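Residue numbers (the numbering used here): 782 to 967. Backbone N, C-alpha and C fix where the C-beta goes; we use that ideal spot for every residue, glycine too. If you're wondering where the values come from, they're calculated on a predicted model, not measured in any experiment. Heads up: the structure comes next, in structure tokens.
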């Protein structure tokens, strides 16, 4: 179940969205950097009948409101620190070509990879290592062939993985797969 699916289920069950729970948590003294997950889980179970998974989704929202997050650019820069810096220019060139797909392409960096998103829907990810770029691509129903391998247990958010060891491999074939994933994310 995706994070958004958890939030949708919570809204259906309680009639409340994330912002409502932020306000309610603040009223109960459960919004702050020292608040433990157990206290939030207990409150949501008692007052709203939410199970642990759904309560943890709300806890994640509450924590995001109390802990500063680095700006997206800073998070992307961290992906290319140290020995990974060799991949910064090839990534920038690839991103530029992907952004030509349409004005609705954006990035959402995490601490371990960068999501490529179309109107809020992830269609690919880029994970940076010192010796390669790993591209995860959502192409459900597409057979793995050649360097377009099944993602397997590498990352459950995508169906396929392409390992790039040389910037020259950021080619038209790869862009075709990314374009297909982008089109499917419409």
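For residue i versus residue j, is the C-beta distance shorter than 7 Å?
i           : j           : result
residue 806 : residue 843 : yes
residue 911 : residue 865 : yes
residue 932 : residue 917 : yes
residue 915 : residue 944 : yes
residue 871 : residue 847 : no
residue 884 : residue 853 : no
residue 882 : residue 960 : yes
residue 874 : residue 913 : no
Shortest alpha-carbon distance to residue i belongs to which of the options?
i           : options            : result
residue 857 : 822, 956, 939, 888 : 888
residue 818 : 841, 885, 898, 890 : 841
residue 868 : 909, 922, 923      : 909
residue 784 : 832, 837, 812      : 837
residue 966 : 934, 931, 921      : 921
residue 834 : 786, 874, 923      : 786
residue 919 : 913, 955, 946      : 955
residue 845 : 816, 886, 937      : 816
To the nearest angstrom, how far is it from the Cα of residue i to the Cα of residue j?
i           : j           : result
residue 855 : residue 795 : 36 Å
residue 941 : residue 907 : 12 Å
residue 790 : residue 829 : 12 Å
residue 948 : residue 963 : 21 Å
residue 878 : residue 898 : 14 Å
residue 958 : residue 950 : 13 Å
residue 808 : residue 923 : 49 Å
residue 803 : residue 827 : 17 Å
residue 725 : residue 832 : Not covered by the structure: residue 725. The range shown for the chain is 782 to 967.
residue 886 : residue 799 : 25 Å
residue 801 : residue 901 : 22 Å
residue 952 : residue 788 : 38 Å
residue 876 : residue 937 : 22 Å
residue 823 : residue 863 : 43 Å
residue 928 : residue 839 : 39 Å
residue 825 : residue 934 : 32 Å
residue 812 : residue 797 : 17 Å
Rounded to whole angstroms, how far is the Cβ of residue i from the Cβ of residue j, which I believe are closer than 8 Å?
i           : j           : result
residue 939 : residue 905 : 7 Å
residue 896 : residue 903 : 5 Å
Would you list the residues sitting across from residue i in a DSSP beta bridge?
i           : result
residue 941 : 918, 931
residue 887 : 898
residue 903 : 898
residue 926 : 929
residue 909 : 914
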